[in-house]
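2 protein chains.
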Amino acid sequence: MESKAKYYFQIATTSGVPIYRQIIDQVKILIATKKLPKGEFLPSVRQIATELEINPMTASKAYSLLEKEGVLEFVRGQGMKVRESDLPGESLEQKENEIIPILNEVVTKSKQLSLRPNKVIEMLTSLLKEKGNE
Amino acid sequence: MESKAKYYFQIATTSGVPIYRQIIDQVKILIATKKLPKGEFLPSVRQIATELEINPMTASKAYSLLEKEGVLEFVRGQGMKVRESDLPGESLEQKENEIIPILNEVVTKSKQLSLRPNKVIEMLTSLLKEKGNE
DNA sequence: ACCTGTGTATTAGAAGTATAATACACTAAT
DNA sequence: ATTAGTGTATTATACTTCTAATACACAGGT
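Respectively, the protein sequence lines represent chains D and G. Going by the working numbering, the letters in the first sequence line up with residues -9 to 124, in that order. Going by the working numbering, the letters in the second sequence line up with residues -9 to 124, in that order.
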């Protein structure tokens, strides 16, 4: 038995953002920044529930949505782990279609703010590098 | 009396996206693509309500939120028009802070999809050019 | 003054969302 | 078979959000 649990999640009950969504976001960030490697198991819903003093179902909701998204994988009797492989059926084109709506938001917002396109590109480039190196 | 009204808005009642939000998004796009020039008046809330078979209050909600955002301007007795000037008090730094959360979404999503950063940059560049030229 | 045109404050009700209590199905190890 | 560990289906409830009905204030033209 290795001492697994450490820090994990931190929720802000005042922020108005639903608890299950905060968990989802934090899992995604932990994975994107490689703090949670592929194949690693996440804390159980009851562990989270105790830590955060919430109901296990709330944690379960976060997990099952992440599973539906293809981020996590459920192993019977053991729990949720970070999915090993990328989704198999996902072509490059499908991936692009998933990200285009968000990019369009960026475009509309930057027009609205009259931000120079080059400035926006520059900012995104910088953010992409940051997150990649952590 | 010029024949003002034409097409304007199109709502999808099945999409789950609230009507007032669909109106907001479409107004922003119409402005970003210069189909609605600065100073132009928008259709009245009752016009929209009749066209879309909704309640005037729903259109009003869209308009007043757009006004609060600084996109539209209210003229007593005449209606809503596209704001002439950019918001005066907005510094570059404030503008950047508004767009960073959206850019972070892009970063997280692209990590999740394992999209190459260059590919993402390329897509955004292309979208920014498209919308700028229309 | 009147009528018709703006947008909206208020109120109400329907619909949806977030959280939780409980009970269940399943796995692994004893 | 039992025990202790996974996640979850179901149900209930509080809460928020969305839409609408009504009535109002103001502007402009007659």
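Backbone N, C-alpha and C fix where the C-beta goes; we use that ideal spot for every residue, glycine too. The structure displayed is predicted, hence computed values, not measured ones.
Checklist entry - Roughly how many angstroms separate the alpha carbons of G:E57 and G:E63, rounded to a whole number? => result 6 Å
Checklist entry - What residue ranges within the region -8 to 64 of chain D form continuous alpha helix (DSSP H) runs of no fewer than 4 residues, ordered along the chain? => result 9 to 22, 35 to 42, 46 to 59
Item to check | Whole-angstrom C-beta distance between D:E95 and G:I21, which should lie under 8 Å | outcome: 15 Å between Cβ atoms; not a contact.
Item to check | Residue range of the alpha helix (DSSP H) that includes D:Q102 | outcome: 82 to 102
Checklist entry - So which of D:T4, D:V35, D:G29 has the shortest CA-CA distance to D:I14? => result D:V35
Item to check | Neighbouring residues, chain G, relative to D:T115 (Cβ below 7 Å) | outcome: I111
Next on the checklist: Spatial neighbours of D:A39 within its chain, please: C-beta separation below 7 Å, excluding the five flanking residues on both sides.
Outcome noted: N45, P46, A49
Checklist entry - Which residue from D:K109, D:V17, D:V110, D:L42 puts its Cα closest to that of D:M70? => result D:V17
Checklist entry - Buried or exposed: where does G:A52 fall if 16 or more other Cβ atoms within 10 Å of its Cβ makes it buried? => result buried
Checklist entry - G:G67 lies in the beta strand (DSSP E); which residues open and close that run? => result Unbroken run through G:G67: none, as it is neither H nor E.
Next on the checklist: Under 7 Å, Cβ to Cβ, is there at least one residue of chain G near D:I89?
Outcome noted: yes
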